[in-house]
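Residue numbers (the working numbering): 23 to 142.
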């Protein structure tokens, strides 16, 4: 995708270390959760906390939502494990029916300044 092969360090970090620490942080936040309080010490109303959780989940819920949609709507003839495996790998252009990927070339061009006196 970026034009060259990554070193093994980056592959290990992104495949194993990052998901491990993300899951660890998620479960630690759930275990140590405390209700929000006003500076006076009074708890926030429960509806406000539910609304806050709803707002914060709106941006991330589409990811597992699409994963569930993909598992139960594509290739229903194959097994669930096969659909799960294929969902984790990008499809090639020939499988999607899209035109081949476009490659961009960078060309350095010297631009000429044109002085336009349009205030007349």
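Note that CB positions come from ideal geometry on N, CA and C, so glycine has one too.
Bridge partners of residue 59 according to DSSP: 65. In this structure, residue 93 places its C-beta atom within 8 Å of the C-beta atom of residue 102. The DSSP-derived three-state label of residue 95 is helix. The alpha-carbon separation between residue 72 and residue 129 amounts to approximately 53 Å.
Residue 106: member of the alpha helix (DSSP H) spanning 102–109, first to last residue. For residue 69 and residue 43, the gap between their C-alpha atoms comes out near 31 Å. Secondary structure at residue 35: helix, using DSSP grouped into helix, strand and coil. Rounded to whole angstroms, the gap between the alpha carbons of residue 109 and residue 58 is 38 Å.
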